[in-house]
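**Q** Just so you know, the sequence shown maps onto residues 0 to 229 in numbering that gives the first Met the number 0.
Yeah, the Cβ is synthetic: ideal placement off N, Cα and C, and Gly gets one too.
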Amino acid sequence: MSNLKAVILLSGGLDSIVSLAAALKGESGSVKCDVKLALTFDYGQRAVEDEIKAAAEICKVYGIEHRVIKIPFLEEISNSALNKKDEKLEFNELGTDSMKAVWVPNRNGLFLNIAACFCDSIGYDAVIIGANKEEAATFSDNSAEFCMAQENAFKYSTLNGVRVIAPLIDLEKYEIINLAVQLGVDLSLLKSCYNASNSGKVHCGVCESCKRLRAAILKSNHGGLIKLFF
């Protein structure tokens, strides 16, 4: 069977770059994919410039076409702290409260459907998403059930029944770090911070994304990576 032609949702963060590497090599239980196109979304998030820059550099390294998709209406209707660029975004603990603060309405559902439009138009087989076990515990749109439901819907809404590939769906964040090292991913390429552009640092260390990244590195087999980010 030939590799699936795929579009990837690429934010430039840890989950998306490791999903890309895993899909290209068919690792972590993933179907091997020929990734043709990466989509980065601009919905007015505070880290949009960092995300676009990181994703573009990742695409350059992997030789993948990169497109930025603007979704202005999502910024207009979102009450997420991610879209409130003048407010301090800092969390003492991760959980339901921090999740609600950064929730963007139907974000992953919208992203997958836009990517499926591209697949349906140009005859590609699959969309790759960085959904993972750890974030699924608080973000329902990172769960295996969500991914399966979206794939089932695509059986009806796309001519070729676009698949949803989530290479990290069974992994915790520290396992994603271990997999990244195993796959030889250059982690200096990623940007996993909501505040970095405003903080003047590589990663701010206090937002939800930074806290997850720091904890994952320290729990992984590669604690020395901490100096890359903090």
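Could you tell me which residues DSSP puts in a beta bridge with L38?
**A** DSSP output for L38 lists L8, R66 as bridge partner(s).
**Q** Taking buried to mean at least 16 other C-beta atoms within 10 Å of its own C-beta, is F228 buried or exposed?
**A** Flag for F228 reads buried.
**Q** At least one CB of chain B closer than 7 Å to the CB of I127: is that the case?
**A** The question asks about chain B, but that chain is absent: this structure has only one protein chain.
**Q** Would DSSP call V30 helix, strand or coil?
**A** If DSSP states are grouped into helix, strand and coil, V30 belongs with coil.
**Q** Do you know whose CA, among P166, A148, F72, F138, lies nearest E26's CA?
**A** When each option's Cα is compared against that of E26, the closest is P166.
**Q** So, for A215: in the same chain, excluding its five sequence neighbours on each side, which residues have a beta-carbon less than 6 Å away from its beta-carbon?
**A** Taken in chain order, the residues that qualify are K172, Y173, I176.
**Q** Does G12 pass the burial test, meaning 16 or more other C-beta atoms within 10 Å, or should it be called exposed?
**A** Per the 10 Å Cβ criterion, buried.
**Q** Output the boundary residues of the beta strand (DSSP E) element that contains R211.
**A** Here R211 belongs to no beta strand (DSSP E); instead the alpha helix (DSSP H) covers 207-218.
**Q** Kindly provide the ranges of any beta strand (DSSP E) runs that are 3 or more residues long and lie completely inside the segment 89-170, ordered along the chain.
**A** Runs found: 125-127, 162-164.
**Q** Alpha carbon to alpha carbon, how far is A130 from E64?
**A** Going from the Cα of A130 to the Cα of E64 covers about 22 Å.
**Q** Using the Cβ count rule (16 or more neighbours within 10 Å means buried), how would you classify F145?
**A** F145 is buried by the Cβ-count criterion.
**Q** Taking S219 as the reference, give the member of I168, N105, I113, V180 with the closest Cα.
**A** It is V180 whose Cα lies nearest to the Cα of S219.
**Q** Quick one: is N141 buried, meaning 16 or more other Cβ sit within 10 Å of its Cβ, or exposed?
**A** Classification for N141: buried.
**Q** Can you pull the DSSP bridge partners for L3?
**A** Paired residues: C32.
**Q** Select from S18, S29, E75, Q149 the residue whose C-alpha is nearest the C-alpha of D41.
**A** The shortest C-alpha separation from D41 is found at E75.
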